[in-house]
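Asker:
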Amino acid sequence: MAYYVGTDIGGTFTDLVMLDDTGDVTIVKAPTTPDDRTRGVLDAFTLAAEAKGLTRDKLISELAYFAHGTTAATNAFIERKGVKTGLLTTRGFRDTLRIQRCMASWAGLSDHEIAHFSERSTPQPLVDIDLIEPIIERVDYKGAVVVPLDEEAARASIKRLVEAGVEAIAITLLWSFRNPAHEQRLAELVREIAPNVFVTISSSLIPVLGEYERTSTTCINSYLGPVINRYINGLENSIRTAGFDGPISIMESGGGVLPASEAAFQAANLLTSGPAGGVLASLKLGEQLGYDNILTTDMGGTSFDVGVIVNGRPLLENIREVGRFHVALPSIKVTAIGAGGGSIARIHAGHLMVGPESAGAVPGPACYRRGGTEPTITDADVVLGMIDPAYFLGGKMDLDIAASERAINDHIAKPLGLSLHEAAAGIREVANNQMADLLRRVTTRSGYDPRNFVVFAYGGAGPTHAYHYSSVAGISTVVVPKTASGHSAFGTVTADRHRSFSLAFGQHAPARFKRASDHIDAGKLNAGFDQLVAQCRKALGDKTQIKRLIGMRFRQQVHQIEVDVPSTPLDAAAIDQLVDSFEQRYEQIYGKGTALRMSGVEFITQRVEGLTPVQRPDPRAREGGGAAPKIAGTRKVYFYGEGFKETPVYRWEDLSPGHPVKGPAIVERPDTTIVVGVGHRAEIEPFGNLLIHLKG
Amino acid sequence: MSTDTLIPPRSAVYDYDRVKVDPITFQVIHHRLTSITDEQGATLQAISGSPLVNEATDFNTGIFRAHGEIVTMGKTVLLHAASVAEMVKSIIADCAVKPGIRAGDMFLVNHPYKGSLHAPDFGLVAPVFHGDQRIGWIGVCCHQLDVGGMAPGGSFPEATDVLQEGMLIPPLRIVENGEFREDILAMITGMSRLSTNMSLDFRGMMAANKVALRRLQETIDQYGIDTVLSVMDEAIDMSERAVRERLAKLPDGVYRAQTFLDHDGKENKLYRIHVELTKAGDEITLDFSKSADQAPRFMNCTEGGLLAGVRAAMLPILAYDLPWNEGVFRPMKLVSRPGSIVSARFPAPVSQGPLGAMWLVETVATAALSRLAATDKDYIHEAQASPNGGPDLYAFFGHNQYGEHFHGALLDMIYVGGGAYSHRDGLTPQGHRHIPALRLQNVEANEQIGPILYLYRKFTADSAGPGRNRGGASVGVGYVLHDIDHMDLRLACHCYESPTSFGLFGGYPSGCNRRRFLKDAHADEMIAAGQLPFDTSGIPGEVLTLPAKVTGSIPINASDIYECGPSAGAGWGDPIERTAKMVAEDVHYGFVSPDMARVIYGVVLQDSGAVNETETQKLRDAMRAERRAWPAPKTLASKPALDAAGDLIGRFGDAASFQRIKGQSYFRCDCGEAIAPAGENWKDYARQSSTSEAELGPRITLHHQIEAMRFACPHCARLLDVEIKLKGEAPLLDVEIKN
């Protein structure tokens, strides 16, 4: 038997999802071991082996593929445990990283934090000012050298950094994406002077316009690179020692997995790989179930994360905030608000606010018996009967319902003059509506209608709330994946190998142009794509599926939109067609009549994406027609606006295809509780995932 | 703007009885309304090409009730908190009868005497109907790069009236049945030198309004009209109640602030901007009557501009944690004198108003509100020293390297430091105070589209106002032309010879706006030789002396170098109370020069940059001794002992307080020294000294009519205030707490 394993390390648990040749899926969770996270991964292997009646060694010897998602980059970044990093940058622009395009005091903050001026601060710089060395050189917007590189001075700069003990160096020079010669030469000098220092140069990691974003991304990459290097080496050693000699992949944020050997060089790309893994898992599951427009919703303890999949492709973003800084690598767009099980409900100036403050895991919700006294969403779920306090984590954690009641009574019900249950239902109602507002926002802002999507609900709290936030947003169908509590791990084992390469193009058709092809150099455009395709094939092999894209905007605009580019060489007609495609997509997003071709069109960034499917079995379908599900019990569950309903409770494992469950109903699993709303209908489909039909 | 003209025909407005909405439904609907406003802003930003909209977020969006009361507003430029609301009032007044206000209409306004702050600010406003009755408005306001007029850019010292400052669109029904009147649109955009940009912005504004109209209608369909309107009105009432509660806890009194705007565009005269804030019970009145008469040139603001400046000051101080809506402003009354610089009479020119008089309205209102907040230890947290004194507006005009018209919106002057607080330094950088979240262009983005080459973009030493907590530092830039021979440079600022960013409770003003124009510096030859003047201090060439505001433009050619280093945030508290270690760090990071560290902070550094503790202690002792030797006009005849017990009346920041000691009220330093009777101006009893430019820092210039006075405690020598005042005038009585 061959086994295919994906693991994902979260803050509390290390999840493992295993497929075998027959398509059988095994999901296990082991506690995360922060001192040495590799141990938690091996523990998870042990649990998976036990589930199959094997020893761990036996399992690993039959392992065909191992993919891993890690928060190592994120943790090192948040805890500021990256390596001492130096920066080489064009003289005169030493402060770029601290100025942060004036976003230093608000990037990464929520709206209400931004409005509280007196509490704002600027982040501790990633690179100390003493470790930023100005380099005498200058290139202009054409890529022409204005001031030649002063190599002598540069050598002295590099030596100073090495003497100061840097483990990594980031190199970002102005206009290097137009002419990378100076950056490349500096990298050579670093290798010559200090061959062991980890180097990132902006023109190869992220060759696009914008020196701040390039500097920030390059510094983050250097800051994390050696950490990831050590981490991956440790992991690889352990798993190799245990007898595995197959390929190892690492989840990244852009849409797939990387070979482990490349992960360190893409360290900045690992920062949001966890959420990306969940989106990719949904994409793969969607392919199986026949859904290609999906809203992925991951509700955990502190946040509610939403991804969007349109026509089988995840929506990406070019720049994202990471902590208080920015990473400008194309990545799967995941939008979050502070609404999770631990989000605190408070009354402020008469308003009932839920989140964004979270009680986290400690003290956690009041019912966790860890000292929390403020009411959270989980407390509301417990009070209303949505969650059985005796069956939380399969009964491993005994919840204190009295503490939940006290917290809600004292902080919400009494001040608002509501009954306990009205208040608890109110907390859910407010939170679920905020989540529905987010579902609407992420779709309409991209030009789509949420009603044309299905919602995938995962994370510990997602399935408990999904029926409601989805129906408020006008959705018809919710899918609770079988892998709901280990969805990112499922994403790592099913995701394709993926790479993305970009190139700044930077030509435009001027105002009042007649034909774009008169102004855009087709030869240069084709050569650019050829180069990117070659890079992509080199990284992923000849069989990789190539997608060509170009980012365009109307002249003078700030935001670009990507459109697909045909794979045949572009001629004049094809270039003109790109403008039409851009205009159509533009009006789809912003409305008819908003396009303004006469202002001119800029062709900004060329990008090529490659996807190479990783070989692994498809999960197996089950036969329908098992026994009708037995009811594990009934309990009173309070629904907002409906009051108490006597509600049947099912165990997930008792459900089988072909036997729908009528709402209201509760379906319990050790890792999550699924609520089926009044008038809704749920069923297990043949692959073992739960569908909730919200429109009867 | 008298109120009776604002009431439209009764039948047009939907009349309803407020219903009780349960707190859950209330919150759900209120969140929906807020998210609609955000979506409106996102739509505009996506479509607009303008860096002003996208980077400087110089726009605002909102939902309004039937008469223009703000229900929600975006957290973008705070000054526009008043714009759309005031435009709505003008639309009702001017258009209700003819041409009428109907569903599907949208009105365009940029008239500065009809709600706009100045001609570049265009609003597009749509009525919201229930049946045939109006229930509210949806609106967007955003700044345009060019609005025609006598010169590019929309702001010119030459103009003597508002009619010369660009096109003036009174409320104009430009959208009918949901579609632009394309002929009128073409006429209007045709009056701009940058008609394409304007067209993009107008399309973005229309799309933003349509999104909001649709989403609001869906919300009404779902919950019912009366429920939604009740939520709107209740949300306004809730913010009002919260602000009133907050005010009620603070002591009644009078809080004053003033500053002086230099150069009116024609002459280098000074104009006083003065506010007297009276706090009584749960209300505040801001009286600007003592401000100067209106100026002949462009830095006046209208009454609407005054309102905008005051509201921008209020929001972060009084409503930092509340929904921003009409209710925040209800406890505030505004008094001004028509014909004054902060309440100009038509047709006075106002194009520089938002960066001129209105800016300083925000500055003095912020200072007066901060003095009020600083009376209470639980509220001092929100008090802040002045933000930067005003931007140095400069723009390059001509053709870019592609032969296209170039308008020069580089916005580098906005990378400024913020004002200091009692508990922290000002932000470095913060950007303009009234823009909560701005984002500015990369050097590469500007060089891509403009014919310029940056020499540097870096923090400017000594720009930040000194204090126990330092102001935030500003970013300075240097440019040369590139791939083009010649452009025109237009320049206008204030805070050039008058430090308008002043500190609080002993904090110093920040540096003034500084520029350096190096003529015939052979920059082009240096570049041709592969050298770039990174450091311009040793470059030969003629340094041009420039006034604060240049009439017309000055030519700049490829041989010249232009540098700008703007004003920054002001300081809080006595600078010699800043720890020497922090000052050494400031020097290390380039925020403070070693000279300033010594002269103002009293910190002596070793060559290594480390603090010389002994010399620092000696120097600081000497500075205190010198202050004790300053004269004081009056002395308290008999004063209570230093340790006499007193009852607090109100705090004077974290430096002193008003106290009652044995039946007498005093202004008392925290060292225990009773300095003055509470009924008089405490400054008359403080040690004081007129302070030279050099003693204020290397980036301060004082206009010949201005002096800077420092006031210190006679006993402990702590600086209690640094005041910028007119020579020959009595010092300002800044805090007067009622017993």
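For the protein sequence lines, the chains are A and B, in the order given. Under the working numbering, the first residue of the first sequence is numbered 1060, with each subsequent residue one higher. Under the working numbering, the first residue of the second sequence is numbered 171, with each subsequent residue one higher. The beta-carbon is built from N, C-alpha and C at its ideal position, and this holds for glycine as well. None of the values given here were measured: they were computed from a predicted structure.
#1: Counting pairs of beta carbons, one from the stretch 1666-1679 of chain A and one from the stretch 1411-1427 of chain A, are three or more of them closer than 8 Å?
#2: Between the Cα of arginine 1607(A) and those of His1618(A), Lys1597(A), Ser1626(A), Gly1582(A), spot the shortest distance and give me the residue it belongs to.
#3: Residues of chain A with CB closer than 8 Å to the CB of isoleucine 726(B), please, in chain order.
#4: Give, in chain order, every residue of the stretch 369-383 of chain B whose Cβ lies closer than 9 Å to some Cβ of chain A.
#5: To the nearest whole angstrom, what separates the beta carbons of tyrosine 1350(A) and valine 1513(A), a pair I think is in contact under 8 Å?
#6: Drop a sphere of 10 angstroms on the beta-carbon of aspartate 391(B), count the other beta-carbons inside from all chains shown, and report buried for 16 or more, exposed for fewer.
#7: Determine whether the Cβ of methionine 408(B) lies closer than 7 Å to any Cβ atom of chain A.
#8: Rounded to a whole number of angstroms, what is the C-alpha to C-alpha distance between isoleucine 1228(A) and aspartate 1496(A)?
#9: According to DSSP, threonine 1693(A) sits in a beta bridge with which residue or residues?
#10: Can you give the Cα-Cα distance for serine 459(B) and serine 860(B), rounded to whole angstroms?
#11: Answer with yes or no whether the minimum CB distance from glycine 1650(A) to chain B is below 7 Å.
#12: Select from the stretch 199-224 of chain B all residues with a C-beta closer than 8 Å to any C-beta belonging to chain A, and list them in chain order.
#13: Using 10 angstroms around the beta-carbon of glutamine 1643(A), count the other beta-carbons present and answer buried if the total reaches 16, otherwise exposed.
#14: For a minimum of 3 consecutive residues, which ranges assigned as the beta strand (DSSP E) are wholly contained in the stretch 1649-1676 of chain A?
#15: When the Cβ atoms of the stretch 665-683 of chain B are set against those of the stretch 419-439 of chain B, are three or more pairs found closer than 8 Å?
#16: Which residues does DSSP pair with cysteine 734(B) in a beta bridge?
#17: Counting only beta-carbon separations shorter than 7 Å, does phenylalanine 567(B) have a partner in chain A?
#18: Could you have a look at cysteine 265(B) and say whether DSSP puts it in helix, strand or coil?
#19: For proline 745(B) and isoleucine 770(B), which I take to be in contact (beta-carbon distance under 8 Å), what is that distance rounded to the nearest angstrom?
#20: Just list the residues that DSSP pairs tyrosine 441(B) with in beta bridges.
#21: Select from Arg1614(A), Ala1575(A), Pro1569(A), Ser1561(A) the residue whose C-alpha is nearest the C-alpha of aspartate 1589(A).
#22: Please check the pair leucine 214(B) and glycine 374(B), which I expect to be a contact at CB under 8 Å, by giving their CB distance rounded to whole angstroms.
#23: Please state if the CB of glycine 1722(A) and the CB of valine 1735(A) are separated by a distance shorter than 7 Å.
#24: Spatial neighbours of aspartate 1133(A) within its chain, please: C-beta separation below 7 Å, excluding the five flanking residues on both sides.
#25: Helix, strand or coil, according to DSSP, for aspartate 174(B) in the structure here?
#26: Return the residues of the stretch 1155-1166 of chain A that lie within a Cβ-Cβ distance of less than 8 Å from chain B, sorted by chain order.
#27: Give a yes or no on whether 7 Å exceeds the smallest Cβ distance from methionine 502(B) to chain A.
#28: Take aspartate 174(B) and list the residues in its own chain whose beta-carbon comes closer than 8 Å to its own, dropping the five residues that flank it on each side.
#29: Around the Cβ of glutamate 1272(A), are there at least 16 other Cβ atoms within 10 angstroms (buried) or fewer (exposed)?
#30: Considering only DSSP beta bridges, list what valine 1734(A) is partnered with.
#31: Taking just the CA atoms, how far does alanine 1462(A) sit from glycine 760(B)?
#32: So which of Ser506(B), Asp185(B), Val774(B), Ser218(B) has the shortest CA-CA distance to isoleucine 395(B)?
#33: Name, please, each residue of chain A whose Cβ falls closer than 9 Å to the Cβ of alanine 631(B).
#34: Is there at least one Cβ from chain B nearer than 7 Å to valine 1205(A)'s Cβ?
#35: What's the gap between the Cα of valine 757(B) and the Cα of alanine 1335(A)?
#36: Can you list, in chain order, the residues of its chain with a C-beta nearer than 7 Å to that of histidine 1739(A)? Leave out the 5 residues immediately preceding and following it.
Answerer: Quick look at the numbers:
#1: Proximity of the stretch 1666-1679 of chain A to the stretch 1411-1427 of chain A falls short of the contact definition, fewer than three beta-carbon pairs being nearer than 8 Å.
#2: With distances taken between Cα atoms, arginine 1607(A) lies closest to Ser1626(A).
#3: Among the residues of chain A, none has a CB under 8 Å from the CB of isoleucine 726(B); the nearest is roughly 18 Å distant.
#4: Residues passing the 9 Å Cβ filter: Ser369, Leu370, Arg373, Gly374, Met376, Ala377, Lys380, Val381.
#5: Indeed, because the Cβ distance is near 5 Å, the residues count as touching under 8 Å.
#6: Exposed is the label assigned to aspartate 391(B), since fewer than 16 other Cβ atoms lie within 10 Å of its Cβ.
#7: By this cut-off, methionine 408(B) is an interface position.
#8: Approximately 43 Å, taken between the alpha carbons.
#9: Per DSSP, Pro1707(A).
#10: Whole-angstrom Cα-Cα distance: 28 Å.
#11: Output row for glycine 1650(A): interface = yes.
#12: Listed by position, the residues of the stretch 199-224 of chain B near chain A (Cβ gap below 8 Å) are His200, His201, Arg202, Ser205, Asp208, Glu209, Ala212, Thr213, Gln215, Ala216, Ile217, Ser218, Gly219, Ser220, Pro221, Asn224.
#13: Counting other Cβ atoms within 10 Å of its Cβ, glutamine 1643(A) stays below 16 and is therefore classed as exposed.
#14: Segments of the beta strand (DSSP E) lying fully in the stretch 1649-1676 of chain A: 1660-1671.
#15: Taking one beta carbon from each stretch, the stretch 665-683 of chain B and the stretch 419-439 of chain B have 3 or more pairs nearer than 8 Å; the two touch.
#16: DSSP output for cysteine 734(B) lists Val647(B), Arg685(B) as bridge partner(s).
#17: No - not a single Cβ of chain A is within 7 Å of the one on phenylalanine 567(B).
#18: Residue state for cysteine 265(B) is assigned as helix, using DSSP reduced to three classes.
#19: So it is a contact: roughly 5 Å between Cβ atoms.
#20: Tyrosine 441(B) is bridged to Leu431(B).
#21: The shortest Cα separation from aspartate 1589(A) among Arg1614(A), Ala1575(A), Pro1569(A), Ser1561(A) belongs to Ser1561(A).
#22: Going by Cβ atoms, the distance from leucine 214(B) to glycine 374(B) rounds to 4 Å, so yes, they are a contact pair.
#23: A distance below 7 Å separates the beta carbons of valine 1735(A) and glycine 1722(A).
#24: In the sequence as displayed, the identity of residue 1133(A) is threonine instead of aspartate. Excluding sequence neighbours, threonine 1133(A) sits near Leu1330.
#25: Caution is warranted here: a pLDDT of 45 is assigned to aspartate 174(B), below 50, making its placement in the model unreliable, and the coordinate value is therefore given only provisionally. In the three-state reduction of the DSSP assignment, aspartate 174(B) falls in the helix class.
#26: Answer set for the stretch 1155-1166 of chain A: Thr1155, Arg1157, Ile1158, Arg1160, Cys1161, Met1162, Ala1163, Ser1164, Trp1165.
#27: Methionine 502(B) has a beta carbon lying at 7 Å or more from every beta carbon in chain A.
#28: Here the model assigns aspartate 174(B) a pLDDT of 45, short of 50, so the residue's position is not dependable and the matter cannot be decided.
#29: Looking at its Cβ environment, which holds 16 or more other Cβ atoms inside 10 Å, glutamate 1272(A) is buried.
#30: Valine 1734(A) is bridged to Ile1725(A).
#31: If you draw a straight line from the Cα of glycine 760(B) to the Cα of alanine 1462(A), it is about 54 Å long.
#32: Nearest option by C-alpha distance: Asp185(B).
#33: By Cβ distance, chain A contributes nothing, its closest Cβ being about 12 Å from alanine 631(B), past 9 Å.
#34: Interface residue, yes.
#35: Taking the straight line from one Cα to the other gives about 44 Å.
#36: For histidine 1739(A), where only same-chain residues beyond five positions count, the Cβ hits under 7 Å are Tyr1526, Gly1722, Ile1751, His1752, Leu1753.
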